[in-house]
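Accompanying notes for the structure given below.
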Amino acid sequence: MEYYWWLIGISIMVALFEVCWPAREQMKVRAWLWSDVIHLLFNGHFLGVWLYLISTKHILPLMDSALLSQGWHHWVYRSTAQELPLWVQVILAIVIIDFVHWNIHRLLHRFDFLWRFHQIHHSVKDGEMDWVVAFRFSWVEPVIYKTLSYLPLAWLGFAPQAIFVHAVFGTLIGHLNHSNVSWDYGVLRYVLNSPKMHLHHHSYDAPRHGHNFGIIFSCWDWMFKTAHLPPEPPKRIGFKGEEDMPQDFLGHMSWPLNLMFKESGTRWRHSFLGACVVLLLYIASSAAPII
């Protein structure tokens, strides 16, 4: 629950920033604001906690058993990171996780299958871009992001506090990046992602495979030549085809699956739904009692 209070505090702080330094004319109260609040609570807290607990309490022991059975456990000393000072673990965790997230973000734009899920986040329209939409994304994204970042670091022995600091700092930067302010941090723009830079990531006219993939750090985009920061803000945000997407929470969650089902037969639909039911039951039985 500790992260939950940080989430509330950061949300209030960034909301005040928007009141004091608004960059764009926004809708005062939009029709589907409640849907973004559900995204915020579900994706920002509950799903993340579940995934972390499942990774550390269930998947890691299975990995250990598998490695031991193959005689590979000695290849990577499980407590390697524990030998480092906590402040070093924090810095490494933030940098490593963010670079992993930057690569995942690129893949979400690169492959059509993943782009279907990521479209939910890009469904933010003009007049809607504010801190609340930072967590408007499919449930699939936290599964990918957190599994591929938390699991390796936990296996290497990074302290939970180091991963927690990344979660809090990442939430702060994510809120700011989507907020209705126009900050670019001066020369720090080449290191930190900013609201001004991230707004261009959401541009309606952005290339199909996108640009500005940074989550916390923008340096990855500058290093790998995917940065795009013109002086003027984009004329429109969103993506081509957004008008067909539902605007409510359940509609967002089912959007990629509906696209898949239209292209596949009933047999695959039933198989996929069955797998989802099994996964949800496993999550509930594994993590809910701890939460």
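Residue numbering for the sequence shown follows our numbering, beginning at 15 and increasing consecutively.
For glycine and all other residues, C-beta sits at the position ideal for the given N, C-alpha and C.
*With DSSP as the reference, label residue 229 as helix, strand or coil.*
coil
*Report the option in 146, 259, 236, 177 whose CA atom is closest to the CA atom of residue 162.*
177
*Identify which residue in 28, 262, 169, 258 has its Cα closest to the Cα of residue 67.*
Among 28, 262, 169, 258, the Cα nearest to that of residue 67 is on 169.
*Check whether the Cβ atoms of residue 52 and residue 263 sit closer than 8 Å, and answer yes or no.*
The answer is yes: Cβ separation under 8 Å.
*Short check: CB of residue 192 to CB of residue 248, under 8 Å?*
no
*Give the secondary structure of residue 93 by DSSP, where H, G and I count as helix, E and B as strand, and everything else as coil.*
coil
*Three-state class that DSSP yields for residue 268 in the structure shown*: helix
*Skipping 5 residues on each side, what residues in its chain have a beta carbon closer than 8 Å to that of residue 259?*
133, 134, 137, 265, 266, 269
*Using the C-alpha atoms, what's the distance from residue 174 back to residue 210?*
32 Å
*Would you please state the rounded distance, in angstroms, between the beta carbons of residue 252 and residue 218? I believe it to be under 8 Å.*
A Cβ-Cβ distance of about 5 Å is found for the pair residue 252 and residue 218, placing them in contact under the 8 Å criterion.
*Whole-angstrom Cβ separation of residue 212 and residue 108, contact assumed at under 8 Å?*
That pair is no contact at about 18 Å.
_Three-state secondary structure (DSSP) of residue 81_ = In the three-state DSSP reduction, residue 81 falls in the helix class (H, G or I).
*Sheet register partners of residue 251 (DSSP bridge)*: 217
_I believe residue 145 touches residue 69 by the beta-carbon criterion, under 8 Å. Please report the beta-carbon distance rounded to the nearest angstrom._
Not a contact, Cβ separation roughly 27 Å.
*asked:* Only counting the same chain, and skipping five residues up and downstream in sequence, which positions put a Cβ closer than 6 Å to that of residue 36?
replied: 194
*Starting from residue 18 and walking both ways along the alpha helix (DSSP H), at which residues does that stretch end?*
16-34
*Can you pull the DSSP bridge partners for residue 186?*
Note: residue 186 sits in no beta bridge, so no partner.
*Would you kindly work out how many angstroms separate the C-alpha atoms of residue 86 and residue 160, rounded to a whole number?*
Cα-Cα distance, rounded: 25 Å.
_For residue 124, which residues in the same chain have their Cβ closer than 8 Å to its Cβ, ignoring the five residues on either side in sequence?_
223
*With distances taken from CA atoms, which of 225, 112, 143 is nearest residue 44?*
Nearest of 225, 112, 143 to residue 44, Cα basis: 143.
*Measuring CA to CA, which of 196, 152, 156, 229 is closest to residue 272?*
152
*What alpha helix (DSSP H) runs, 4 residues minimum, are completely inside the region 115-175?*
126-132, 154-169
*Can you tell me which of 235, 190, 61 puts its alpha carbon nearest to the alpha carbon of residue 6?*
The structure shown does not extend to residue 6, since the chain is modelled only from 15 through 305, so no value can be given for it.
*Using three-state DSSP, classify residue 305 as helix, strand or coil.*
Residue confidence is low: residue 305 scores 44 on pLDDT, short of 50, so the model does not pin down where it sits. No coordinate-derived value is stated.
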